[in-house]
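Sequences listed follow chains A and B, in order.
Residue 184 in my numbering sits at position 180 of the first sequence, and the numbers go up by one each step.
Residue 18 in my numbering sits at position 14 of the second sequence, and the numbers go up by one each step.
Number of protein chains: 2
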Amino acid sequence: MEEILKKFREKIKEKKMIEGALAVLQWDLETTTPKKGKDYLAEIVGYLSMKEYILTTSKEFEECVEFLSKNLEKLNEIERKEIEELKEDIEKMKKIPAQEYQAYSELVARTQGVWEEAKAENNYEKYKKNLAKIFEYTIKFANYHKKDEKNLYDVILQEYEKGMTSEKLDEFFSLLKSEIVPLLKKVKEAGNPDKKLLQKVDIEKQKQFNRFIGEYLGFDFDRGIGAESEHPFTMNITKNDVRLTTKYIENNPMSAVFSTIHETGHGIYEQQIGDNLQDTILGTGGSMGIHESQSRFYENIIGRDFHFWNHIYKRAQESFQFLKEVKLEDFYREINLVEPSLIRVEADELTYSLHIMVRYEIEKGIVDGTIDVDNLPKVWKEKMKEYLGVVPETDSEGVMQDVHWAAGLVGYFPSYALGSAYSAQIYNTMLKELNIVEILERGELDKIREWLGEKIHKYGKLKTTSEIIKEVTGEELNPKYYIEYLKEKYSKIYNI
Amino acid sequence: MEEILKKFREKIKEKKMIEGALAVLQWDLETTTPKKGKDYLAEIVGYLSMKEYILTTSKEFEECVEFLSKNLEKLNEIERKEIEELKEDIEKMKKIPAQEYQAYSELVARTQGVWEEAKAENNYEKYKKNLAKIFEYTIKFANYHKKDEKNLYDVILQEYEKGMTSEKLDEFFSLLKSEIVPLLKKVKEAGNPDKKLLQKVDIEKQKQFNRFIGEYLGFDFDRGIGAESEHPFTMNITKNDVRLTTKYIENNPMSAVFSTIHETGHGIYEQQIGDNLQDTILGTGGSMGIHESQSRFYENIIGRDFHFWNHIYKRAQESFQFLKEVKLEDFYREINLVEPSLIRVEADELTYSLHIMVRYEIEKGIVDGTIDVDNLPKVWKEKMKEYLGVVPETDSEGVMQDVHWAAGLVGYFPSYALGSAYSAQIYNTMLKELNIVEILERGELDKIREWLGEKIHKYGKLKTTSEIIKEVTGEELNPKYYIEYLKEKYSKIYNI
């Protein structure tokens, strides 16, 4: 037993070493690698992914896991959870032929560069072929993995949110729609004030302020960094090496700020994973839904709160000189402006879910064969028109605006909407335990960070999302909190 | 035969994949990894180095190489050279015990972070222990590798410049000293004008100009990038992914410019390696001496030439506004100012070799046991006093100024002096074949780049440095060209 546990830990360590190298390569591809060097790095990603595949599916490793799974009573809680996860991983990985696994890993690593170029050139044709291949693989792998799910899309959803189904999502989105659309209508009728925040601010100045914001929220820059990339993301190698990116837009300084607050939410989650999980496979955030709940909590519930800005508005004015001419009330009003727009990451809270619905329906449609990748630009425009009433002029602002599909993340988008709903539900509990207004007015953001660390972050993958939600809030996911939160907030802001 | 060649190529490919991943990790450690994440990345470096060690020393691979080395007549020129190199590599690697190899790789990866911190804090004590260990390993490995070399330092030199010995270097340096010291004396007597170039320039503006300079010299930014690091360096993953770094100093804009020109010299070399060598182990620059000859050629012979600046001085004035008040003649005079100073990378051409001598004598002394790592700050100051007549107040400006030893590069420094000598000798030939004044006045830098590409760069490791020097210049390394170049240039500038 002891010997097998030792061997098991050695193999896990090796697996983590390869995953760490892969994460660094991935990071490099998205932030650093020159254009013509990307193919070669993608090849290295394919090679190392293959090494991980070989390790994970090796007879030796599988036998270890099998043996331990028959002796669960002799293992501690963490080991038991690891074995449970690994059994599933191995089973799933073994169903994918080695060659396909390597080819897919390489394809994904390569496609992000293609997407970046195609987006810059507004050239969907350039991107289409790779995108179609990614969907092909996704469908193929889902077929390999299918058990008793009702449809292939449900199989895919398990990657991001275990237990989620398209049936549940349909219900969830239809409830959101029925509540948000009428609210949105009233908001539109109420009208918006003129915009004052689209001012030019030097990128260097923006960087300084974004660094301040990250620190202010409690991100530890000794154990993390901030950088730039075409599409903002967070990546963690360990809890001591968490990396955020932002995209700066010279004429829209608040864009990077909210992107930073969002990614900092992800980053704080990873930095607060329990030390006891560091050498295990559980040492990272739970599902994507719970991860997005943290980022969207910081971005919207905290980051767009009046009291949050009241404490740091002077500091903001130092970095963004033009704010000296903008009253805090007007600033608050504008960062909570509701207005249907083209770009998801810049969408307000109210229209945000509609952006997600567009993506959800499209990816579901591609997987079930009712939508063709060739046709996406057209379908995209139609759905944008239907849900948001605005239509992008270019595909760069349309179907190519997000990196997710290019990164193989088909089935990820619903996590954002689920995350928003989780965040409102968690916030509802937090309000009972913490005096949020006082905390924000005093700038004691650490209190919020610590609360989340204790209730959610420290568990990593040790608990499932539904376990955490139940333990923290006392009930399963319940969208009513999200809907109430939106109604209350926006009725007040728009006086409706 | 065919089968073995196929297997051989597969193994080489795998070796190159691991080396590529290691290069990216190395890059990340030096430019990106947060402080507290460095240990973990160093561990991954140790792990992957071990994978390369296992591959290179595996029986299977060795048998391939052995078989092929007995059938050299059936191989092409490139394969023959690869086999020759590999036989040596394998033999050397096998002499190092696996555990020591991994421990050393990890130590080196880790020490660069330690050096960076220690340098920032001016705390030699913090760095000393790691440094001593690196020297211990270097000596240990040299003992493993020793054949018929006269002393251990000569064994180490083979890593950077095959065929070089401390006897030859002693002679070389003593000749340089006997010629440079009297010249320097005269220069000092002649005196220097006041400095005009130590002006504050926004880092963002500096970056723009440095990018321009890189492009102007012919560096291809589609196949490479520029970044920042504590110590400037160049790293290549393939010829399509070559990375330069610079360190920017706000109050000394020309510092980064010459550093960029230097690294661009390395970068152009790597970008011009022959396509036929890409999938081989020969697809990178030859010895360190020839590599430094290219960087120092661009930095000094081209980058400090009057005609070079005459063509781009207007462009420089756009980026560095203060230059509008500085006449080109005064600018030229100041970028060629001779003045003993503390920092090697900012030293003028005349005192530069003296900086190298300090390092050469110290590393030789540590290896032969006459100098103790504990004592380095003191020894450093003494030698600086002796050779340059200036003494650093801090160890950051003294023994900790260079990254080399922290990176395991003991025995590297002589390459800079050899490189300078090679560059003058190559330049002597170039002047017979190209009209350099005209080329520089017209800004046709590509002509110089192409000449170097054709004569030197395309060969990668296919030819030895001494073969290249002989073929290009018609003779072996001959320091007289370097001495003549220095004498002529500085007599003219200082009117002596």
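Glycine is no exception: its CB is placed at the ideal position from the N, C-alpha and C atoms.
- With respect to B:F324, B:P257 sits close: the two C-beta atoms are nearer than 8 Å.
- Residues of the region 14-28 of chain B that bring their beta carbon within less than 7 Å of a beta carbon in chain A comprise M21, G24, A25 and V28, in sequence order.
- Under the Cβ distance rule, A:P38 counts among the residues neighbouring chain B, one pair being separated by less than 8 Å.
- Look at A:D279: its C-beta is not under 8 Å from any C-beta on chain B.
- Nearest to A:I87 by alpha-carbon distance, out of A:H270, A:S182 and A:K15, is A:K15.
- A residue is called buried once 16 or more other Cβ atoms fall within 10 Å of its Cβ, and B:E56 is buried on that count.
- Within the model, the alpha-carbon separation for A:Y44 versus B:T242 is close to 8 Å.
- DSSP places A:E475 within a helical segment (H, G or I) once states are collapsed to three.
- Straight through space, the alpha carbons of B:L456 and B:G24 are spaced by roughly 26 Å.
- By the neighbour-count criterion, in which a residue is buried when 16 or more other Cβ atoms sit within 10 angstroms of its Cβ, A:N75 is exposed.
- Between B:I100 and B:T284, the C-beta gap is not smaller than 8 Å, which leaves the two residues out of contact.
- Cβ-Cβ distances below 7 Å link B:C68 to I8, K11, F12 and K15 in the same chain, with the five nearest sequence neighbours on each side left out; the list follows chain order.
- Scanning the region 92-163 of chain B from its first residue to its last, the whole alpha helix (DSSP H) runs of 4-plus residues come out as 102-125, 128-149 and 156-161.
- Residues of the region 198-227 of chain A whose Cβ lies closer than 9 Å to any Cβ of chain B, in chain order: D206, I207, E208, D224, F225, D226 and R227.
- Within chain A, no residue has its beta carbon less than 7 Å from that of B:L449; the closest one is some 20 Å off.
- Only residues of its own chain outside the window of five on either side were considered, and among them P236, T238 and L248 have a CB closer than 6 Å to the CB of A:E267, listed in chain order.
- In the structure shown, A:E23 adopts helical secondary structure according to DSSP, grouped into three states.
- Comparing alpha carbon positions, the residue from A:L111, A:K151, A:K85 and A:L173 closest to A:L481 is A:L173.
- According to DSSP, residue pairing for B:G402 in a beta bridge does not occur.
- Judged by DSSP in its simplified three-state form, A:T61 adopts helix.
- Rounded to the nearest angstrom, the Cβ distance from A:L202 to A:N255 is 6 Å, consistent with a contact under 8 Å.
- Between A:L392 and A:I184, the C-beta spacing is not below 8 Å.
- In this chain, the alpha helix (DSSP H) harbouring A:D450 covers L449 to K459.
- Sorting A:K368, A:L346, A:A146 and A:M404 by C-alpha distance to the C-alpha of A:E171 places A:K368 at the top.
- In terms of beta-carbon proximity, A:Y44 lines the interface with chain B, with at least one pair separated by less than 8 Å.
- Residues K15, E18, K19, I22 and F65 of the same chain have their beta carbon placed closer than 8 Å to that of B:L59, with the five preceding and five following residues left out of the count.
- When secondary structure is reduced to three states using DSSP, A:N432 falls in the helix class.
- Burial is judged here by how many other beta carbons sit within 10 angstroms of a residue's own beta carbon; A:N244 has at least 16 and is buried.
- With at least 16 other beta carbons inside 10 angstroms of its own, B:A46 counts as buried.
- Look at A:N244: its C-beta is under 8 Å from a C-beta on chain B.
- In this structure the region 326-336 of chain A does not touch the region 461-477 of chain A; the number of beta carbon pairs closer than 8 Å is below three.
- Between A:Y494 and A:A425, the beta carbon gap of about 16 Å keeps them out of contact (Cβ cut-off 8 Å).
- Listed along chain B are R227, I241, T242, N244 and D245, each with a C-beta nearer than 7 Å to that of A:G41.
- For A:V246, the enclosing beta strand (DSSP E) begins and ends at D245 to T250.
- Going by DSSP, B:M361 is part of no beta strand (DSSP E) but of the alpha helix (DSSP H) stretching over E353 to V371.
- DSSP, reduced to helix, strand and coil, places B:E165 outside both helices and strands of the structure shown, so it counts as coil.
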